[in-house]
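Structure, as structure tokens:
Protein chains: 2
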Amino acid sequence: MNSVKVGLLGFGTVGQGIATILTRNADEITRRTGRRVDVTTAAVRNVAKAEAAASAAGVDITITDDAMSVVNNPDVDIVCEVMGGEQPALDLCLTALAHGKHVITANKALVAMHGNTLFAAAQKYKVMFGFEPAVAGGIPVIKAVREGLAANRIESLAGIINGTGNFILTAMTDQGRDFDDVLDEAQALGYAEADPSFDVDGIDAAHKLTILASIAFGMPLKFDELMIEGIRDIKQEDVVHANELGYAVKHLGIARRRDTDTGPAVELRVHPTLIPQRQLLANVHGVMNAVLVEGDAVGQTLYYGPGAGSEPTGSAAVADITDMVRAMGSDPSHQVPPLAFQADALQDLPVLKPDDIECGYYLRITAEDKPGVMADIAGIFGRHNISLEAILQKEPDAINAADETTATLLPIVLLSHKVREGEMRAAIAEVEALPCVPSPVTLLRVETL
Amino acid sequence: MNSVKVGLLGFGTVGQGIATILTRNADEITRRTGRRVDVTTAAVRNVAKAEAAASAAGVDITITDDAMSVVNNPDVDIVCEVMGGEQPALDLCLTALAHGKHVITANKALVAMHGNTLFAAAQKYKVMFGFEPAVAGGIPVIKAVREGLAANRIESLAGIINGTGNFILTAMTDQGRDFDDVLDEAQALGYAEADPSFDVDGIDAAHKLTILASIAFGMPLKFDELMIEGIRDIKQEDVVHANELGYAVKHLGIARRRDTDTGPAVELRVHPTLIPQRQLLANVHGVMNAVLVEGDAVGQTLYYGPGAGSEPTGSAAVADITDMVRAMGSDPSHQVPPLAFQADALQDLPVLKPDDIECGYYLRITAEDKPGVMADIAGIFGRHNISLEAILQKEPDAINAADETTATLLPIVLLSHKVREGEMRAAIAEVEALPCVPSPVTLLRVETL
């Protein structure tokens, strides 16, 4: 049987990983699939640089600067899009699909924002579209949720799906350092980009959560409706207070089914979260990723591994390639649909607005050290029917205490039980209006998982 | 399209879980596969009892005591063997395969001991044979290793794959209790059988490791060649010493590739193991299971979840069912081979003998408290080229110290670097021959993973 030919769009970190794996493990992969798989070509902007990289990696491929020549190439069976960005990636993928090529992408932004279009095109042209490398790097979590947990009605998932953010929070926790300081190190180590906003503002995690939620619940991709918060505003003191209370601070993507008065809906949110230290997710350190999935039959399962990197992400792409090599030529009815559910069986679940999500809350209130302050604050939460699980009243803030012209300020840390966010926001507005509370309240969300 | 009909062999815990899931999640599963799946019949020994269980679960199926009528039934597409034991399970599965039915089993002993025969029969009759529920309950680890990591040359795997054993070791660690005491509780809770030997002597874990190793390395199943040790002899004091040294004691199944002078080989072993407390596997508590897999491209990934139970194991069986429903009618060349590699591409890797495995060692030596003892012991390890990583010399044993007729006895705890087990055994024999060492040396293996 002829070998399967793979063409790459892009030959950066991930593209080189794919080519290296397919070259080094060629025999192993042939033993698995029964067919040889060869990377034959890659389209890049800088041909000379890519040729040097291919040569250094011992990979024998044709480099071109004409991406259309790859997606039009009649000898290419599978196109791997590893160039990133929205355009021209989208047009190239659509062209490849229209030409009957199977397409794999590592581009989470592309899938999160244009997946619905891409899946429809794949269905129309009866080809396969894979995106395992777009979520959680080398962890085969798309396959696990889509196929391994197919028996389940997935109830929720929660994941550490941005390695840069987890590296920063781990260092802030273990080494007592501040956000800015650790971000500098992450940039020096190459974990964070010069413009780190994609990672630290939660956009990257939101792309991945969008995809995970769709395959978990069988719903269209709805990136625009996610609630997104990053880790830029996490203060060292909040990490310390959380630890004292038995919690770790992790940046999570959370998707959860909710039955509301108006019918089934979902929460889709990305934000820093306090989780119990004994939880396995709390012990996922550094750049590693992990996704905890709750199904109605299986209960909780967790998938852990490297969320980025050349060969880890390449591993996910090559897993998609081997699936495609096996399924090639079979009727699409025998193949796993991209979003786990048949295209005509997706359910258009509404995404709850931020005010309607429900979770526990960590609040840090800075208040003047005066009689009656605690009673005023507690009274507000009581009137809003918010019950408190823990109160940590700290020593007066050293800096403020030294300033004799102002009243001494006390940090008060509260943990609430689960409550609707709108209710909590209303209570906080009242707290902030108290004369003895001079500055905004810090809010973090709490999940017991 | 007609619905797919599933027949069960057995209607105990797992059988009821499968029927319950397929009934409760019927719509969800149809949305995934595009076809309805119905459990229609179950064969059991006690019909009245099974009918009562089916009725209680709200499951509408025909119960029979004639298992052959299920495997011969022309209306059954998929047979799920959840009766356990070697026979008649083996004959029934072979008969079902010969009748063109796809077969799924939750029976780890059956697969570990007769998998080679069963896979050959499935290939001969061009049907599918699934066994996801046979390993690690609800964790889709067979799929992860076989498909999700298909890009990789798997180097090693290490798993907590017996929930009963992990429950016992967790309680010994967290509560300072002895083995016998916790075993009694595990039996009272229903985690351990009246005859607990399958679990606590490592047989059950060995069955699962046999299967995992074969799909990881693409080699035939070789249950008879495993090195197997259980947890019956684990002493509370060793758990305590391990913790002091920064290690947790876990019962692991370990499979590892080794390049030897005579060519490629594998280590396949099941035994109590000291692993660093910060390792994620060390934080898998109670009856939960987890498998850590190391691939050459992806690095380390870990899969965690419930290793047993009605619906968790049922979840794995129904995942196999949905895979089969999708692939039914496709050419076998489009399907994933049972052992991940094409049947004609398996590699008959030799299994190393116990003396030839390599790892670190934890030794507890009880020696008389006399001058020169430490020098004698250290000298022996030095002559065997065994370097020591840590030495923990404990206070004299209280009981012995009180007995004035004998010399005071000291427990000496040693951690060695990685060494061949044969060499370590030879050194221990010499230590045990010293006049100042009156009792056998306690040996546990250490893995840094």
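Protein chains in written order, with numbering that gives the first Met the number 0: chain A, 0 to 448; chain B, 0 to 448.
All C-beta atoms in this analysis are idealised placements derived from N, C-alpha and C, irrespective of residue type, glycine included.
Asked: Contact set for D64/B: own chain, Cβ-Cβ below 6 angstroms, skip 5 residues either direction; Found: V46
Asked: Meets three-Cβ-pair contact criterion under 8 angstroms: the stretch 301-312 of chain A and the stretch 137-149 of chain A; Found: yes
Asked: Residue closest to V317/B, alpha-carbon to alpha-carbon, out of K107/B, G371/B, D194/B and N24/B; Found: N24/B
Asked: Nearest-angstrom Cα separation, counted from E192/A out to P87/A; Found: 21 angstroms
Asked: 8 angstroms Cβ shell around T321/B - same chain, five flanking residues per side excluded; Found: I28, R31, T32 and V36
Asked: Identity of the residues DSSP links to Q346/B by a beta bridge; Found: BP columns for Q346/B are empty, so no partner.
Asked: Validate contact between the stretch 413-423 of chain A and the stretch 201-208 of chain A using beta carbons, cut 8 angstroms, 3 pairs; Found: no
Asked: Euclidean distance between Cα positions of D237/A and E420/B; Found: 49 angstroms
Asked: Identity of the residue in Y124/B, T104/B, F166/B and V3/B nearest I210/B by Cα; Found: T104/B
Asked: Partner residues on chain A for T321/B, Cβ-Cβ distance less than 8 angstroms; Found: E146, A149 and A150
Asked: For R382/B, the nearest candidate out of I427/B, C358/B, L338/B and P353/B (CA to CA); Found: I427/B
Asked: Distance CB(Q392/B)-CB(L409/B) smaller than 8 angstroms; Found: yes
Asked: The stretch 217-235 of chain A / the stretch 164-178 of chain A touching (three or more Cβ pairs under 8 angstroms); Found: yes
Asked: DSSP bridge partner residues for V290/B (one or two, in chain order); Found: G158/B and Y302/B
Asked: Secondary structure, alpha helix (DSSP H): runs of 4+ residues fully inside the stretch 119-201 of chain A; Found: 162-174, 178-187 and 196-199
Asked: Integer-rounded CB distance, given that A121/A should sit under 8 angstroms from M127/A; Found: 7 angstroms
Asked: I214/A vs A377/A beta-carbon contact at 8 angstroms; Found: no
Asked: Contacting residues, own chain, Cβ-Cβ under 6 angstroms from A42/A (five flanking each side not counted); Found: L8, T63, A66 and V69
Asked: Cβ-Cβ distance between P437/B and D347/B below 8 angstroms; Found: no
Asked: Chain A residues whose Cβ lies nearer than 7 angstroms to that of I20/B; Found: A150 and A296
Asked: Contact set between E27/A and chain B, taken where Cβ atoms lie within less than 7 angstroms; Found: R152
Asked: Burial state of G527/A (16 or more Cβ within 10 Å); Found: With chain A covering only 0 through 448, there is no way to say anything about residue 527/A.
Asked: Nearest-angstrom Cα separation, counted from V3/A out to L96/A; Found: 16 angstroms
Asked: Residues, ordered as in the chain, of the stretch 296-314 of chain B that lie near chain A by beta-carbon distance below 7 angstroms; Found: A296, V297, G298, Q299, T300, L301, Y302, Y303, G304, P305, E310, P311, G313 and S314
Asked: Residue nearest to M82/A in terms of C-alpha spacing, selected from R44/A, G57/A and D74/A; Found: R44/A
Asked: Chain A contact residues for Q341/B, given Cβ-Cβ distances below 9 angstroms; Found: T29, R30, R31, T32 and G33
Asked: V418/A beta carbon less than 8 angstroms from that of R363/A; Found: no
Asked: Alpha helix (DSSP H) segment containing H240/A, residue limits; Found: Q235 to E243
Asked: Contact with chain B by L7/A, beta-carbon distance below 8 angstroms; Found: no
Asked: N- and C-terminal bounds of the beta strand (DSSP E) containing Q392/B; Found: L387 to Q392
Asked: Inter-stretch contact at 8 angstroms, needing at least 3 Cβ pairs: the stretch 156-165 of chain B / the stretch 281-297 of chain B; Found: yes
Asked: Segment contact flag, the stretch 270-281 of chain B with the stretch 250-258 of chain B, C-beta cutoff 8 angstroms, min 3 pairs; Found: yes
Asked: Residue from M327/A, V350/A and E310/A whose Cα sits closest to the Cα of T261/A; Found: V350/A
Asked: Close beta carbons around P336/B, own chain, < 7 angstroms, minus the five adjacent residues each side; Found: A342
Asked: Any chain B beta carbon closer than 8 angstroms to I427/A; Found: no
Asked: Segment limits, alpha helix (DSSP H) that includes P311/A; Found: S309 to A326
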